[in-house]
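Q: If you're matching them up, the sequences are chains D and P in order. The first sequence maps to residues 1 to 340 in my numbering. The second sequence maps to residues 1 to 340 in my numbering. Quick reminder that beta carbons are idealized off the backbone N, C-alpha and C, glycines included.
Number of protein chains: 2
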Amino acid sequence: MSVTIEDISKKLKLSTSTVSKALNGYKDVSEKTRDLVMGTAKELGYHPSAAARNLRRQRTDKIGFVFNNSLMYISDYFAEVIVGATAAAETVGNNIVLYINEGDSPDSLIQLIRAREVDGFVFVWNHVPAHIVDMLLDENVPFVVLGRRVGHPQASWIAPDNYNGGLELMQHLINLGHTRIGFTTRPSMGRTNEDRFNAYKDGLIQAGISIDRDLIVETKLEPFSGYHAAKQLLDLNDPPTAIFAFHDYVAIDAHQAIVERGLKIPDDVALVGFDGLNVSAFTTPPITTVSQPLAEIGRESILTLLKRIANNDLPPIQKTLPVELKIRRSTQPEKSSNST
Amino acid sequence: MSVTIEDISKKLKLSTSTVSKALNGYKDVSEKTRDLVMGTAKELGYHPSAAARNLRRQRTDKIGFVFNNSLMYISDYFAEVIVGATAAAETVGNNIVLYINEGDSPDSLIQLIRAREVDGFVFVWNHVPAHIVDMLLDENVPFVVLGRRVGHPQASWIAPDNYNGGLELMQHLINLGHTRIGFTTRPSMGRTNEDRFNAYKDGLIQAGISIDRDLIVETKLEPFSGYHAAKQLLDLNDPPTAIFAFHDYVAIDAHQAIVERGLKIPDDVALVGFDGLNVSAFTTPPITTVSQPLAEIGRESILTLLKRIANNDLPPIQKTLPVELKIRRSTQPEKSSNST
DNA sequence: TTGTAAGCGTTATCAT
DNA sequence: ATGATAACGCTTACAA
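Laid out in structure tokens, this is it:
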């Protein structure tokens, strides 16, 4: 097979333990032999076997990245987060292993955990139910939830500041004079939805605007869902002058619905999204949104997980990262002329 | 630590080998003991240690997915391909390990290979240079290049039919009456670029249109590069009436440049992209493109790699997958009215 | 049908 | 400073 420590030890007439020590930079080995070992290691093209190392060290230097299929439909989110995470992991010699798991069968998750193929897990799920968190805690496996708050107090998570971002968005719309603002919500009431929805309601309340249930419509977790939601809003007797879409892809769907109705954005209907994905800038007009620091969320999740891998008795780590309002033409009245 | 085979064997007063055999469904074990073993395995919550298994079997059931950072900028591509690949791998009990590697330092690649953390590699690079292929062959490691043809005859790859897709695109434009068609090309002349460029040229030649060097402009591998390329084309004394963008993101950049010039798509300038990424449908008007079967390319790459892992002495496997022309409003004259 | 024992490649402990 | 040895958890000839 390939070159092992034994090959080096034989060639140098040293014991494998000395070679191992030299290779790993232990100081109880003479400089002479260390140079010798290093030299022949390079000469022979030696590289340690990950499997042997993992078995012995009871550690893999790998991190499981567990996501569900629907993440694919928000590819900008997926790509940025994953690349951020992978890069962060690699800086400390770790790698990311991908797992598609919907979280619907705890058994497959337990199997994953017990196989110890990875040292810990990052979950990228729309919703992490309490019984799964309990199970993870029970198994005593290090984990972090990426991108959303989790109700369970013992869970660690890294999430964007959905509430304050939403509030900024609402204040922006209200400052522009909008009083009838539609909101597209989610069927499952996860924390992300809750935070954005609360921001919507509080934004209205702070402005002294009463909440109209007709202006709140539900979207499903499927493509074109935002399209139907927007149509529903536009069909109202007293339709909204602005629509707050749950996230950018929903906003893009809504954009299409609005345009099909022959309405102008933002003159007839203003439109805002959420997340700050690249795609939100590609529509005409580009869509005002709240941008979350995706790469940093990915990075921070890894760093946090590594801390838990080092010591899983740490109290839960929960971080809210700041977001940024990006005002674009979907809410701003058209400027008189264009410039390069 | 966790439950091992020994725990089961002790509890049942059996040898570890018998337990192992029972667990792995060998037939030279009585049904009674097998049920017993299976039962206590479940009862104790046993799951095999991946590390021990890997070491013993000299196999990891993991596949390395090597990509460079620039893939992040075409997130639709990245997401679809990766999810397709991950799903395909999981159906046969394999997983994907991500590696960011630009291919600029063969050393880090060799290290990766020799560590045998994975059984084989899928490369997702813009360009796979011959010396890297030579190195991979030299190391006798199974690998497949995803998404592009490779010049090296010994390399295995799965790629879309760029040439014929490009030709269809050109015929479509020419049928619409365009004779001055701009093309945005790449600085590095990889096979993908070559194929699309050849399609551009052959499309013109087949229609009896002479090639005008002014209509061929170079883009860089950076954001907004397509924007500048399009402006350069529009600034010509005799500007094109149609632009063939190297890929969809370049087309989106070009779209912006065209709109900024106050020109109408497709009336003043028709626009086509390539790849069929979701984003190409989000612009106004949506962009005509050639769609590649990304998930299938991901899937097929994994299946091909698995074949090579099973037997790397196989002759190189090289597959061209069919693509599909998607005609959208960026090339079609506006219809009189819209419908739901 | 079951058990023994060796080995995968490394690291850690304890002697020397 | 170096070496012998055990151990990590599993699989597989081979023996019984």
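Measure how close the beta-carbons of Val250 of chain D and Ser225 of chain D come, nearest whole angstrom, since I'm counting them as under 8 Å.
A: Against the first sequence, residue 250 of chain D aligns to sequence position 250. Against the first sequence, residue 225 of chain D aligns to sequence position 225. At roughly 7 Å, the Cβ-Cβ gap stays under 8 Å, so Val250 of chain D and Ser225 of chain D are in contact.
Q: Less than 8 Å between the CB atoms is what I'm expecting for Thr241 of chain P and Ala207 of chain P, so what's the real figure, rounded?
A: Residue 241 of chain P sits at position 241 when you count from the first residue of the second sequence. Residue 207 of chain P sits at position 207 when you count from the first residue of the second sequence. Rounded, the Cβ-Cβ distance is 14 Å, inconsistent with contact.
Q: Can you list, in chain order, the residues of its chain with a C-beta nearer than 6 Å to that of Gly64 of chain D? Leave out the 5 residues immediately preceding and following it.
A: Locating residue 64 of chain D in the first sequence gives position 64, counting from the first residue. Taken in chain order, the residues that qualify are Val97, Tyr99, Val118, Phe121.
Q: Quick one: list the residues of chain D neighbouring His47 of chain P, beta-carbon separation under 7 Å, in chain order.
A: In the second sequence, residue 47 of chain P corresponds to position 47, counting from 1. Residues of chain D passing the Cβ test: Gln111, Arg114, Ala115.
Q: Listed from N- to C-terminal order along the chain, which residues in the segment 72 to 85 of chain P have their beta-carbon within a distance smaller than 8 Å of any beta-carbon of chain D?
A: Result list: Met72, Ser75, Asp76, Phe78, Ala79, Glu80, Ile82, Val83.
Q: Short of 8 Å Cβ to Cβ, which residues in the segment 256 to 276 of chain P face chain D?
A: So the close ones are Val259, Glu260, Gly262.
Q: Buried or exposed: Leu62 of chain D, going by 16 or more other Cβ atoms within 10 Å of its Cβ?
A: If you number the first sequence from 1, residue 62 of chain D lands on position 62. Strictly speaking, residue 62 of chain D in this sequence is Lys, with Leu absent from that position. Buried: at least 16 other Cβ atoms inside 10 Å.
Q: On the three-state DSSP scale, how would you describe Ser337 of chain P?
A: If you number the second sequence from 1, residue 337 of chain P lands on position 337. Residue placement at Ser337 of chain P is flagged as unreliable, the pLDDT there being 41, under the threshold of 50; a coordinate-derived value is accordingly withheld.
Q: Does the beta carbon of Ser336 of chain P come closer than 8 Å to any beta carbon on chain D?
A: Stepping through the second sequence from its first residue, residue 336 of chain P is reached at position 336. A caution first: Ser336 of chain P carries a pLDDT of 43, below 50, which makes its placement in the model too unreliable to give a value.
Q: Name the one or two DSSP bridge partners that Leu321 of chain P has.
A: For the purposes of this step, residue 321 of chain P is identified with residue 321 of the second sequence, where counting begins at 1. In DSSP, Leu321 of chain P forms a bridge with P:Pro160.
Q: Taking its Cβ as the centre, do 16 or more other Cβ atoms sit within 10 Å of Leu146 of chain P, making it buried, or is it exposed?
A: Within the second sequence, the letter at position 146 stands for residue 146 of chain P. Under this definition Leu146 of chain P is a buried residue.
Q: Sorted by chain position, which residues of the same chain lie with C-beta nearer than 6 Å to Gly298 of chain P's C-beta, five sequence neighbours on each side aside?
A: Taking the second sequence and counting its residues from 1, one reaches residue 298 of chain P at position 298. Same-chain partners within the cutoff: Val81, Gly84, Ala85.
Q: Go through its chain and collect everything with a Cβ distance to Leu215 of chain P's Cβ below 6 Å, but skip five positions before and after it.
A: Residue mapping note: residue 215 of chain P aligns to position 215 of the second sequence, counting from 1. Gly182, Pro240, listed in sequence order.
Q: Here's a check: name, in chain order, each residue in its chain whose Cβ is nearer than 6 Å to the Cβ of Gln232 of chain D, leaving out the five neighbours to either side.
A: The residue given as residue 232 of chain D occupies position 232 in the first sequence. Contacts found: Val217.
Q: If we define contact as Cβ-Cβ less than 8 Å, is Ser2 of chain D a contact residue for chain P?
A: The residue labelled residue 2 of chain D in the question sits at position 2 within the first sequence. Cβ-Cβ to chain P under 8 Å: yes for Ser2 of chain D.
Q: Using 8 Å for Cβ pairs, my map puts Arg149 of chain D next to Ala50 of chain P. What's the rounded Cβ distance?
A: Here residue 149 of chain D refers to the residue found at position 149 when the first sequence is read from its first residue. Here residue 50 of chain P refers to the residue found at position 50 when the second sequence is read from its first residue. Going by Cβ atoms, the distance from Arg149 of chain D to Ala50 of chain P rounds to 32 Å, so no, they are not a contact pair.
Q: With a cut-off of 8 Å, does the C-beta of Thr340 of chain D fall near any C-beta of chain P?
A: Counting from 1 along the first sequence, the entry for residue 340 of chain D is found at position 340. With a pLDDT of 33 at Thr340 of chain D, under the threshold of 50, the modelled position of this residue cannot be trusted; read the value that follows with caution. Yes - at least one Cβ of chain P is within 8 Å of the one on Thr340 of chain D.
Q: So what does DSSP say about Tyr77 of chain D, is it helix, strand or coil?
A: Here residue 77 of chain D is taken as the residue at index 77 of the first sequence, counted from 1. Helix, per DSSP.
Q: In chain D, which residues lie with their C-beta within 9 Å of the C-beta of Thr283 of chain P?
A: Position 283 of the second sequence, counted from the start, is the residue given in the question as residue 283 of chain P. Phe282, Thr283, Thr284, listed in chain order.
Q: Name the DSSP beta bridge partners of Thr185 of chain D, please?
A: As a first step, residue 185 of chain D is located in the first sequence; it is residue number 185 there, counting from the start. According to DSSP, which records beta bridges pairwise, Thr185 of chain D is partnered with D:Glu218.
Q: Give the secondary structure of Thr289 of chain P by DSSP, where H, G and I count as helix, E and B as strand, and everything else as coil.
A: Within the second sequence, the letter at position 289 stands for residue 289 of chain P. DSSP places Thr289 of chain P in strand when its eight states are reduced to three.
Q: Which residue's Cα is closest to the Cα of Ile265 of chain D: D:Ser291, D:Leu234, D:Phe246, D:Leu277?
A: Residue mapping note: residue 265 of chain D aligns to position 265 of the first sequence, counting from 1. With distances taken between Cα atoms, Ile265 of chain D lies closest to D:Leu234.
Q: Rounded to whole angstroms, what is the Cα-Cα separation between Asn198 of chain P and Gly166 of chain P?
A: For the purposes of this step, residue 198 of chain P is taken as residue 198 along the second sequence, with counting starting at 1. For the purposes of this step, residue 166 of chain P is taken as residue 166 along the second sequence, with counting starting at 1. Between Asn198 of chain P and Gly166 of chain P, the C-alpha separation is close to 8 Å.
Q: Where does Tyr46 of chain P land, buried or exposed, given buried means 16+ other C-beta within 10 angstroms?
A: Position 46 of the second sequence, counting from 1, holds the residue named residue 46 of chain P. Tyr46 of chain P comes out buried.
Q: Can you look up Leu236 of chain D in the DSSP assignment and give me helix, strand or coil?
A: What you label residue 236 of chain D is simply residue 236 of the first sequence in a count that begins at 1. Note: Leu236 of chain D maps to coil in three-state DSSP.
Q: Enumerate in chain order the residues of its own chain whose CB-to-CB distance from Leu71 of chain D is below 8 Å, with the five nearest sequence positions on each side excluded.
A: Working through the first sequence from its first residue, we reach residue 71 of chain D at position 71. Tyr77, Phe78, Val124.
Q: Does Asn54 of chain D come within less than 8 Å of chain P when only Cβ atoms are used?
A: Position 54 of the first sequence, counted from the start, is the residue given in the question as residue 54 of chain D. Yes, contact with chain P.
Q: Going along chain D in order, which residues have a C-beta closer than 8 Å to the C-beta of Phe24 of chain P?
A: Indexing the second sequence from 1 puts residue 24 of chain P at position 24. It is Asn, not Phe, that sits at residue 24 of chain P in the sequence shown. Per Cβ cutoff of 8 Å: no residues; Asn24 of chain P is ~15 Å from chain D at best.
Q: For the beta strand (DSSP E) that contains Tyr99 of chain D, what are its first and last residues?
A: Along the first sequence, read from residue 1 onward, the residue named residue 99 of chain D stands at position 99. Tyr99 of chain D -> beta strand (DSSP E) spans 95 to 100.
Q: Could you check the C-alpha separation between Ile243 of chain P and Ile287 of chain D for me, to the nearest Å?
A: Here the question's residue 243 of chain P lines up with position 243 in the second sequence. Here the question's residue 287 of chain D lines up with position 287 in the first sequence. Computed Cα separation, rounded: 26 Å.
Q: Can you tell me whether Ile211 of chain D is buried or exposed? The criterion is at least 16 other CB atoms within 10 Å of its CB, across all chains shown.
A: Along the first sequence, one-based indexing puts residue 211 of chain D at 211. Classification for Ile211 of chain D: exposed.
Q: Thr243 of chain D by DSSP, collapsed to three states: which one?
A: By one-based count along the first sequence, residue 243 of chain D stands at place 243. The displayed chain sequence assigns Ile, not Thr, to residue 243 of chain D. If DSSP states are grouped into helix, strand and coil, Ile243 of chain D belongs with the strands.
Q: Report yes or no: do three or more beta-carbon pairs, one from the segment 308 to 325 of chain D and one from the segment 152 to 165 of chain D, lie closer than 8 Å?
A: Because the criterion of three Cβ pairs below 8 Å is met, the segment 308 to 325 of chain D and the segment 152 to 165 of chain D touch.
Q: Using a C-beta cutoff of 8 Å, does Val29 of chain P count as contacting chain D?
A: Here residue 29 of chain P refers to the residue found at position 29 when the second sequence is read from its first residue. No, its Cβ sits nowhere closer than 8 Å to a Cβ of chain D.
Q: Which residues of chain D have a Cβ atom closer than 7 Å to the Cβ of Tyr99 of chain P, listed in chain order?
A: On the second sequence, position 99 is the one that residue 99 of chain P refers to. The answer, in chain order, is Asn95.
Q: What three-state label does DSSP hand Ile302 of chain P in the structure shown?
A: Here residue 302 of chain P refers to the residue found at position 302 when the second sequence is read from its first residue. The answer is helix: DSSP assigns Ile302 of chain P an H, G or I state.
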